[in-house]
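Let me begin by presenting the structure, written as structure tokens, before commenting on it.
There are 2 protein chains.
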Amino acid sequence: MNERVTDDHSPWMPFESRRRARDEKREAVLRTAVHLFLEQGYHRATLNDVAERLNITKPALYNYFRSKEDILFECWALGQERVDEIIAGINGSGADGLGKLRALVRAYAATMATEFGASMVRFNPRDLSPDNEKTVRAAKRGIDRTFRRYIADGVADGSIKPCDPKLTAFAIAGSLNWIGHWYQRDGALSPDAIADEFAVRLTEGLANRPIKKKSALTAPDGNNNRKRPKGGLHEHHPRPAARAADQPGRAGHRLRRPPS
Amino acid sequence: MNERVTDDHSPWMPFESRRRARDEKREAVLRTAVHLFLEQGYHRATLNDVAERLNITKPALYNYFRSKEDILFECWALGQERVDEIIAGINGSGADGLGKLRALVRAYAATMATEFGASMVRFNPRDLSPDNEKTVRAAKRGIDRTFRRYIADGVADGSIKPCDPKLTAFAIAGSLNWIGHWYQRDGALSPDAIADEFAVRLTEGLANRPIKKKSALTAPDGNNNRKRPKGGLHEHHPRPAARAADQPGRAGHRLRRPPS
DNA sequence: CGCATATATTACTCATGGGTAATAAAAAGT
DNA sequence: ACTTTTTATTACCCATGAGTAATATATGCG
Numbered sequence: 008m009n010e011r012v013t014d015d016h017s018p019w020m021p022f023e024s025r026r027r028a029r030d031e032k033r034e035a036v037l038r039t040a041v042h043l044f045l046e047q048g049y050h051r052a053t054l055n056d057v058a059e060r061l062n063i064t065k066p067a068l069y070n071y072f073r074s075k076e077d078i079l080f081e082c083w084a085l086g087q088e089r090v091d092e093i094i095a096g097i098n099g100s101g102a103d104g105l106g107k108l109r110a111l112v113r114a115y116a117a118t119m120a121t122e123f124g125a126s127m128v129r130f131n132p133r134d135l136s137p138d139n140e141k142t143v144r145a146a147k148r149g150i151d152r153t154f155r156r157y158i159a160d161g162v163a164d165g166s167i168k169p170c171d172p173k174l175t176a177f178a179i180a181g182s183l184n185w186i187g188h189w190y191q192r193d194g195a196l197s198p199d200a201i202a203d204e205f206a207v208r209l210t211e212g213l214a215n216r217p218i219k220k221k222s223a224l225t226a227p228d229g230n231n232n233r234k235r236p237k238g239g240l241h242e243h244h245p246r247p248a249a250r251a252a253d254q255p256g257r258a259g260h261r262l263r264r265p266p267s
Numbered sequence: 008m009n010e011r012v013t014d015d016h017s018p019w020m021p022f023e024s025r026r027r028a029r030d031e032k033r034e035a036v037l038r039t040a041v042h043l044f045l046e047q048g049y050h051r052a053t054l055n056d057v058a059e060r061l062n063i064t065k066p067a068l069y070n071y072f073r074s075k076e077d078i079l080f081e082c083w084a085l086g087q088e089r090v091d092e093i094i095a096g097i098n099g100s101g102a103d104g105l106g107k108l109r110a111l112v113r114a115y116a117a118t119m120a121t122e123f124g125a126s127m128v129r130f131n132p133r134d135l136s137p138d139n140e141k142t143v144r145a146a147k148r149g150i151d152r153t154f155r156r157y158i159a160d161g162v163a164d165g166s167i168k169p170c171d172p173k174l175t176a177f178a179i180a181g182s183l184n185w186i187g188h189w190y191q192r193d194g195a196l197s198p199d200a201i202a203d204e205f206a207v208r209l210t211e212g213l214a215n216r217p218i219k220k221k222s223a224l225t226a227p228d229g230n231n232n233r234k235r236p237k238g239g240l241h242e243h244h245p246r247p248a249a250r251a252a253d254q255p256g257r258a259g260h261r262l263r264r265p266p267s
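Protein chains in written order, with the working numbering: chain A, 8 to 267; chain B, 8 to 267.
Now the structure itself:
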């Protein structure tokens, strides 16, 4: 389709750069929004605040998102996508229960030190539409199940001392989730330092063997992912067109898109 | 003053019963409010909701509280008072570092399973007036310092293995605070069961000696305090009088009172 | 009873902020 | 250059809900 590249300029450049510019702006909105939502709370932060900080005006935001709630949900989704990647990576590794648990603790702790990660635990699901709320709650249960499964696996394969997987998972996940509440991105502790410390401390009481090494497999990007969580952040997001209620809330997962 | 008890009815009865009735209503407002604030979030729950559930109307609430924010703050204060009592009790005990830490973990966990306890970690301090926000943040720092101090004491007296008190305190407090997010008061787990389990699990990795007994001194009321946290809930709270801005936000701590 | 005080109701005000309509200013395409 | 599409702006609308004024109803009390 349209492969007439007769003259010397690729006809794809404009399309591509336009699409990229759009997604970069979209991303900038989410980064600004998650920052303000965490700083002031979802209800106190206004869309005017978000727009003003981006040097645009409120209605411009509606070229990229359908509603304030949509923005909230997309912020959450970026954090969740990161966690999904982490879990997929660990499931693919051949580690035993304790190894998988340590890897999860480490990567999850680092994620909680990002703003999109913190949004997963500091946003109130009740502020979302019923559909989006269901999606979020299901994802939270999924994370909880993963913790419990790794623990149960470890008990089964002997790498973890016998314990109640449910309460143990709550205890560990609680410690990690709380990072999203106290971590100051301008403070002294680096996300990696916290992640390493927690990976050791939260599992040493459970382990049947001493700690060997920081399993690096679970943190594909070694650095802290401050600024622009590069996960699945570049995915089209076509555009709203003239305003007209059309698409429902959104499909199963990912491939979210604005109005039109 | 006024001890003329010439006729057969104590002149104190009416005053007293009136004052008590008032405080009971005040308390009922707070219990309803904390429930709705936790269930729907502070901003989604309206004062009409609170009033309706009490079979009164919104303006009636202003006989007991100066503002919605005042109600929010008082909910938090009840949870905080309970924690203050717990810490005071433990400080008075002669236990060593590990003993004090275990006692705190146990009592704090049980508190987090109450609605007023959960309000301490689920309410956003940013929703409070600047003064009240300062009070809350100071109290949070105080709790954190207490955890660190008990841990440092334990390391010093040999009852706790060497560790970083700061991160260890964050880890333990995070686990406990998270209880306020997941605990369902209509679920299977009793607050005591959770408290016992957490007291053991969160400290076993740190202890230099095995666990001996559940230190009962820190939980004065053995039962779970479902319904009406009887702490410092009865304390006058005079009344608003005809509406007129008068008293400032509130003094140092406790002895809070309505408008005028 | 009859005065005073406390408590509650009905009927408002009014600031806030999400969302939209109409339209202008850029880019892209031809 | 001219047309179309995308992106942004200005100027609104309007639902919501906190808080208030005026007033009515209990309750206490001499």
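Every residue, glycine too, gets a C-beta built ideally from N, C-alpha and C.
Everything numeric in this text was worked out from a predicted model, so none of it was measured.
Nearest-angstrom Cα separation, counted from D77/B out to P255/B: Walking along the second sequence from the start, residue 255/B turns up at place 248. Walking along the second sequence from the start, residue 77/B turns up at place 70. Note that P255/B scores a pLDDT of 39, beneath 50, so its modelled location is shaky; the value from the coordinates is reported in the next line. Those two C-alpha atoms are separated by around 12 Å.
Check whether V36/A and W83/A have beta carbons under 8 Å apart: Position 29 of the first sequence holds residue 36/A. Position 76 of the first sequence holds residue 83/A. No; because the gap between Cβ atoms is not below 8 Å, this pair is not in contact.
Below-8 Å beta-carbon distance, D7/B vs any chain A residue: No statement about residue 7/B is possible, as the shown extent of chain B runs from 8 to 267 and does not include it.
Under 7 Å by beta carbon: chain A residues contacting Q47/B: Numbered from 1 along the second sequence, position 40 holds the residue referred to as residue 47/B. Chain A residues near Q47/B: R133.
Where the alpha helix (DSSP H) through G134/A begins and ends: For the purposes of this step, residue 134/A is identified with residue 127 of the first sequence, where counting begins at 1. It is Asp, not Gly, that sits at residue 134/A in the sequence shown. Counting along the chain, D134/A falls outside any alpha helix (DSSP H), and DSSP gives it neither H nor E.
Whole-angstrom C-beta distance between A116/B and I201/B, which should lie under 8 Å: One-based indexing of the second sequence puts residue 201/B at position 194. One-based indexing of the second sequence puts residue 116/B at position 109. Indeed they touch by this definition, with Cβ atoms about 6 Å apart.
Residue-level contact to chain B via CB, N215/A, 8 Å cutoff: Start at 1 with the first residue of the first sequence, and residue 215/A comes out as number 208. No, N215/A does not count as interfacial toward chain B.
Rounded C-alpha distance that separates H244/A from I150/B: On the first sequence, position 237 is the one that residue 244/A refers to. On the second sequence, position 143 is the one that residue 150/B refers to. Rounded to the nearest angstrom, the two C-alpha atoms are 45 Å apart.
Chain-order list of residues whose beta-carbon lies under 7 Å from that of N215/B (same chain, five-residue window excluded): The sequence position of residue 215/B within the second sequence is 208, counting from 1. For N215/B, where only same-chain residues beyond five positions count, the Cβ hits under 7 Å are G165, S166, I167, K168.
Status (buried if at least 16 other CB within 10 Å, exposed otherwise) for Q87/B: Along the second sequence, one-based indexing puts residue 87/B at 80. Buried, since its Cβ has 16 or more Cβ neighbours within 10 Å.
L111/A at chain B interface by Cβ criterion, 8 Å: Counted from its first residue, the first sequence places residue 111/A at position 104. Output row for L111/A: interface = no.
Rounded separation between Y49/A and E23/A - CA only: Here the question's residue 49/A lines up with position 42 in the first sequence. Here the question's residue 23/A lines up with position 16 in the first sequence. Their backbone Cα atoms lie some 33 Å apart in a straight line.
Any chain A beta carbon closer than 8 Å to W83/B: Numbered from its first residue, the second sequence carries residue 83/B at position 76. So, not an interface residue.
Range of the contiguous alpha helix (DSSP H) that encloses G106/A: Start at 1 with the first residue of the first sequence, and residue 106/A comes out as number 99. Taken as a continuous stretch (DSSP letters only), the alpha helix (DSSP H) holding G106/A covers 104–119.
With 16 other Cβ atoms within 10 Å as the buried cut-off, status of R113/A: The residue you call residue 113/A lines up with position 106 of the first sequence. Classification of R113/A: buried, given that the 10 Å Cβ count is 16 or more.
Check whether G94/A and T153/A have beta carbons under 8 Å apart: Looking up residue 94/A in the first sequence gives position 87. Looking up residue 153/A in the first sequence gives position 146. Note that residue 94/A is Ile in the sequence shown, not Gly. Yes, the Cβ-Cβ distance between I94/A and T153/A is below 8 Å.
Distance, K65/A Cα to K147/A Cα: Counted from its first residue, the first sequence places residue 147/A at position 140. Counted from its first residue, the first sequence places residue 65/A at position 58. Looking at the two C-alpha atoms, the distance is approximately 31 Å.
Three-state class that DSSP yields for A58/A in the structure shown: The residue given as residue 58/A occupies position 51 in the first sequence. In the structure shown, A58/A sits in a helix (DSSP, three-state: H, G or I).
Within the segment 150–190 of chain B, ranges of the beta strand (DSSP E) (whole runs, at least 3 residues): none
Contacts that E204/A makes with chain B (C-beta to C-beta distance below 8 Å): Taking the first sequence and counting its residues from 1, the one referred to as residue 204/A is at position 197. Neighbours of E204/A on chain B, chain order: D171, L174.
Neighbourhood of A206/A by C-beta, 6 Å cutoff - its chain only, sequence neighbours within 5 removed: Indexing the first sequence from 1 puts residue 206/A at position 199. For A206/A, where only same-chain residues beyond five positions count, the Cβ hits under 6 Å are R109, V112, R113.
Spatial neighbours of L54/B in its chain, beta-carbon cut-off 7 Å, leaving aside the 5 residues before and after: Here residue 54/B refers to the residue found at position 47 when the second sequence is read from its first residue. K65, L68, K75, listed in sequence order.
Between the CA atoms of R25/B and F130/A - distance to the nearest angstrom: The residue you call residue 130/A lines up with position 123 of the first sequence. The residue you call residue 25/B lines up with position 18 of the second sequence. Answer to the nearest angstrom: the Cα atoms are 42 Å apart.
Nearest neighbour of R156/B, chosen from K173/B, R89/B, Y71/B [CA to CA]: Indexing the second sequence from 1 puts residue 156/B at position 149. Selected option, being the one with the closest Cα: K173/B.
Which listed residue (V90/A, L61/A, G96/A) has its alpha carbon closest to that of V128/A: Here residue 128/A refers to the residue found at position 121 of the first sequence. Looking at the Cα atoms, V90/A is the closest of the given residues.
Through-space distance from L209/B to T210/A, alpha-carbon basis: The count along the first sequence starts at 1 and reaches residue 210/A at position 203. The count along the second sequence starts at 1 and reaches residue 209/B at position 202. Looking at the two C-alpha atoms, the distance is approximately 11 Å.
Neighbourhood of L105/A by C-beta distance below 6 Å, restricted to the same chain and skipping five residues each side: The residue labelled residue 105/A in the question sits at position 98 within the first sequence. G161, S166, I167, A214.
Chain-ordered neighbours of S182/B on chain A, where CB pairs are closer than 8 Å: Residue 182/B sits at position 175 when you count from the first residue of the second sequence. Simply F177, A178, I179, G181, S182, W185.
Inter-residue CB distance, W185/B and W185/A (contact presumed, cutoff 8 Å): As a working mapping, residue 185/B is identified with position 178 in the second sequence. As a working mapping, residue 185/A is identified with position 178 in the first sequence. With 8 Å as the limit, W185/B and W185/A qualify as a contact, their Cβ atoms being about 6 Å apart.
Interface partners of E211/A on chain B, CB under 8 Å: The residue given as residue 211/A occupies position 204 in the first sequence. In chain order: G212.
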